[in-house]
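Let me begin by presenting the structure, written as structure tokens, before commenting on it.
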Amino acid sequence: MTQTVMKIDDLHLSFPVSRSLLDVVQRKPGKSVNALNGVSLELKQGETLGVVGESGCGKSTLARCIVRLYAPTSGQIHFEDENIFGAAARKDRSYNRRVQMMFQDPYSSLNPRMSTGDILAEALRVHQMRPESEIAARVAELLELVRLPQDAADKLPHEFSGGQRQRIAIARALAVEPEVLIADELVSALDVSVQAQVVNLLLELQDRLNLTILFVAHDLRLVRHVSNRVAVIYLGRIVEIGDSETLFSAPSHPYSQALLSAAPSLDPDDKGAAIQLEGELPSPLNVPSGCPFHVRCRHVTAQCRTVVPVLRVLEGRGEVACHLAEEVNQHA
Amino acid sequence: MTDHPILEVENLCTTFSRGGTALPAVRDVSFALGKGQVQGLVGESGSGKSVTLRSILGLARHYGEVSGSVRWQGQELTTMSERQLRKIRGREIAMIFQEPMTSLNPLLTVGTQIKETLTAHTDLGRRARRDRAIEMLDHVGIPAAATRLEEYPHQFSGGMRQRVMIAIALAASPKLLLADEPTTALDVTIQAQILDLILKLADEMSMGVVLVTHDLGVVAQTCDTVSVMYAGRVVEQGAVRQVLRTPRHPYTEGLMRSVPQDVPPRTQLYSVPGTPPSLFSLPEGCAFAPRCQAAGPACQTARPTLQDIAPGRQTACFHPLPATQEDAA
Chain A
25 MTQTVMKIDD
35 LHLSFPVSRS
45 LLDVVQRKPG
55 KSVNALNGVS
65 LELKQGETLG
75 VVGESGCGKS
85 TLARCIVRLY
95 APTSGQIHFE
105 DENIFGAAAR
115 KDRSYNRRVQ
125 MMFQDPYSSL
135 NPRMSTGDIL
145 AEALRVHQMR
155 PESEIAARVA
165 ELLELVRLPQ
175 DAADKLPHEF
185 SGGQRQRIAI
195 ARALAVEPEV
205 LIADELVSAL
215 DVSVQAQVVN
225 LLLELQDRLN
235 LTILFVAHDL
245 RLVRHVSNRV
255 AVIYLGRIVE
265 IGDSETLFSA
275 PSHPYSQALL
285 SAAPSLDPDD
295 KGAAIQLEGE
305 LPSPLNVPSG
315 CPFHVRCRHV
325 TAQCRTVVPV
335 LRVLEGRGEV
345 ACHLAEEVNQ
355 HA
Chain B
116 MTDHPILEVE
126 NLCTTFSRGG
136 TALPAVRDVS
146 FALGKGQVQG
156 LVGESGSGKS
166 VTLRSILGLA
176 RHYGEVSGSV
186 RWQGQELTTM
196 SERQLRKIRG
206 REIAMIFQEP
216 MTSLNPLLTV
226 GTQIKETLTA
236 HTDLGRRARR
246 DRAIEMLDHV
256 GIPAAATRLE
266 EYPHQFSGGM
276 RQRVMIAIAL
286 AASPKLLLAD
296 EPTTALDVTI
306 QAQILDLILK
316 LADEMSMGVV
326 LVTHDLGVVA
336 QTCDTVSVMY
346 AGRVVEQGAV
356 RQVLRTPRHP
366 YTEGLMRSVP
376 QDVPPRTQLY
386 SVPGTPPSLF
396 SLPEGCAFAP
406 RCQAAGPACQ
416 TARPTLQDIA
426 PGRQTACFHP
436 LPATQEDAA
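Protein chains in written order, with my numbering: chain A, 25 to 356; chain B, 116 to 444.
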């Protein structure tokens, strides 16, 4: 059994919405966006955990909570048995070094006025990774690691293509020798042919440096390709989590089934098999009662409207949060 | 199926100029579209697919130089005056854009925006326009159409806004729909709904569709024919089934193989080395040669033209990939 590096426990996060003047006059209570509604996860040493879901389901919020960009309303995250939101951990900045985040947009996540060399050197200096005299050599080493030419150190971000910029972002994250990487839609902004290059690089570096990766993306094919395990998120809750191949070949939750069948197949003859989902993701301002998916689900019963299903192990599959998991999967 | 093409694009070229340099955004694009057919334009960002679409409707002529010929039901669009074009846009040819967030007017109700099209292109009375607007919203699957008519775009979600866009585009019953990445900004579950809707309406109204996308999955699921574009040129075109099953151009093959489908998980993906060229410094020969594994000396100096390799199937390559039996059949 591999070691658990990070344990996320019943994480809740809600953002208050500012009340309008009318609300105040009418004495309406303030509303809040419930971005995370009890997410529990374990991240194991050396694995890639894929996180998928529609936009607005809370997958990026989860990623940001993990790197302490947001503080959760309730719930805890333990990294090597220490609560990262505890007083001791807040003082200790080593967590910031050991868990690194890479962002979606390669055009806004790099300082346009700093050369690649400066961007990488800054990370090294802040965390005192190398004495001043060795920094230049380390920058060269990092550029080689992500296969950028050595003259890249003197160039500014705008001189690079999207794929190259994401390589710089990867190099910056790796500069401080982290153990966990959080990749939030790392390749979503890139063209298909360039996407493959960056994904290959990430997989290769993971093997070489024994990294643990949380891979957040909406491209299901890509997530299937890179992940060992996958979590499907719907309205701030995990509805299904399990081994990547099992989940993709036989999804158990009605939402996972619909999500996976909605991805257009490359085979022109493979038409019409898709499960059509009615309606859209409800607003996180008012999450439906009971199972959050019940308003779009084909199998809905009275129980689904009132009782929130919890994640439970399904024989031969992963963990599923659905009252009717057994019945839904009988025919599958 | 192509008894009489309704749209014929021939040697379409669009050139932009930036600081004295001419940028060949689109070069020699040709295709024909029959009634009720769906034609896909696929390629990476900057390959000229959106500019092609805008050139067809005469939108690109405001900021670029367009040459070649676009024949719409026998009429030449490239030389037509703005005044005449305005009668065709919206009435016979409609367009939907990628961003449903920015292409609707935030200050006008959705109803006003649909009725605007009807006022311009039909002679319906006030009451009839309202009925037609409700009918259109109903048609594109927006519930409670009559009340939603009075609402503003910000009260709609992304998928609903795209439906409104489609309702506006189709209000005057056009014969051709130009769709520029209509589902790129949407989630997969909503994408499936919207694509289904476009196909259903195209079928009902026997409307032709030109669909621009970068997603090969979308092409496979919706189009009849497809043109693959690279650096402003069509490198391969033909029936979807043939082009995707047995690509003959190395770029098409590279695109197909970069998509992680049916490959062992966590293995190295096939990737096309390098990046697409900049329009400022296009290679002298084949634009794909610097990234191509099959490239020979001829590819460096001469540019391959689109050649017929099978009935209805063309590719622009000196060293096309071998045909399979299915292709020959």
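Where a beta carbon is used, it is the ideal one built from N, C-alpha and C, also for glycine.
Among the residues facing chain A, E266 (chain B) is not included, as its CB has no counterpart in that chain under 8 Å away. S272 (chain B) and T337 (chain B) have their C-alpha atoms some 24 Å from each other. In this structure, DSSP gives F146 (chain B) an extended state, which the three-state scheme calls strand.
Judged by DSSP in its simplified three-state form, S56 (chain A) adopts strand.
Closest in C-alpha terms to A354 (chain B), from the list A:D293, A:G266, A:V29 and A:I265, comes A:D293. The stretch 238-245 of chain B makes no contact with the stretch 310-324 of chain B: fewer than 3 CB pairs, one atom from each, lie closer than 8 Å. The CB of Y385 (chain B) comes closer than 8 Å to the CB of A220 in chain A, given here in chain order. C-alpha of V29 (chain A) to C-alpha of V263 (chain A): approximately 22 Å in a straight line. Around P221 (chain B), the same chain offers Y267, P268 and H269 as residues with beta carbons nearer than 7 Å, after the five sequence neighbours per side are excluded. Under the three-pair Cβ rule at 8 Å, the stretch 393-403 of chain B counts as touching the stretch 138-148 of chain B.
Judged by beta-carbon spacing, S373 (chain B) lies within the 8 Å limit of Y385 (chain B), meaning their Cβ atoms are closer than that value. Contact between the stretch 237-251 of chain A and the stretch 332-346 of chain A is absent: fewer than three C-beta pairs spanning the two stretches fall below 8 Å. For the stretch 44-58 of chain A, the set of positions with a beta-carbon nearer than 8 Å to some beta-carbon of chain B is empty.
With a cutoff of 8 Å on beta-carbon distance, I108 (chain A) and R122 (chain A) are scored as not near each other. With respect to chain B, the C-beta atom of S139 (chain A) has no partner C-beta closer than 8 Å.
Counted as a single uninterrupted DSSP element, the stretch harbouring I299 (chain A) is not any beta strand (DSSP E), since DSSP gives it neither H nor E.
Using a CB distance cut-off of 8 Å, D318 (chain B) does not count as an interface residue toward chain A. Legend: CB atoms of the stretch 276-290 of chain A lying less than 8 Å from CB atoms of chain B belong to residues A282, L283, A286, A287, P288, S289 and L290.
Secondary structure of I101 (chain A) (DSSP, three-state): strand. Secondary structure in the stretch 274-338 of chain B: the beta strand (DSSP E) runs of 3 residues or longer, each lying completely within the stretch, are 291-295 and 323-328 in chain order. Along the stretch 256-334 of chain A, the alpha helix (DSSP H) occurs as fully enclosed runs of 4 or more residues at 268-273, 278-286 and 326-330, listed in sequence order. The beta carbon of G347 (chain B) is closer than 6 Å to those of P139, A140, V141, R142 and G163 in its chain, skipping five residues each way along the sequence. For the pair of segments examined, the stretch 305-315 of chain A was found not to touch the stretch 232-244 of chain A: the number of CB pairs separated by less than 8 Å stays below three.
Sorting A:S44, A:G62 and A:V63 by C-alpha distance to the C-alpha of G54 (chain A) places A:S44 at the top. For the pair V247 (chain A) and K202 (chain B), the Cα-to-Cα distance works out to about 47 Å. The beta carbon of M125 (chain A) lies closer than 6 Å to those of V91 and I206 in the same chain, with the five residues before and after it left out. Contiguous beta strand (DSSP E) elements confined to the stretch 67-129 of chain A occur at 72-76, 98-103 and 123-126, taking only those with 3 or more residues.
Bounds of the beta strand (DSSP E) holding T28 (chain A) are T28 to P40. Cβ neighbours of D339 (chain B) within its own chain (closer than 8 Å, five residues either side excluded): M116, Q152, V153, Q154, A354 and V355. Taking C-beta atoms as the reference points, R171 (chain A) and P181 (chain A) fail to come closer than 8 Å.
Listed as beta-bridge partners of V157 (chain B) by DSSP are B:T328 and B:V343.
Contacts with chain B at 8 Å (Cβ-Cβ) include H249 (chain A). Ranked by Cα distance from H323 (chain A), the first of A:G340, A:P288 and A:H277 is A:H277. Contact annotation: in the stretch 229-248 of chain A, residues whose CB is within less than 8 Å of a CB in chain B are H242, L244, R245, L246 and R248. Taking V144 (chain B) as reference, the option from B:W187, B:L127, B:I283 and B:K150 with the minimal CA-CA separation is B:L127. Within its own chain, the residues whose Cβ lies closer than 6 Å to the Cβ of R88 (chain A), once the five positions on either side in sequence are excluded, are Y94, listed in chain order.
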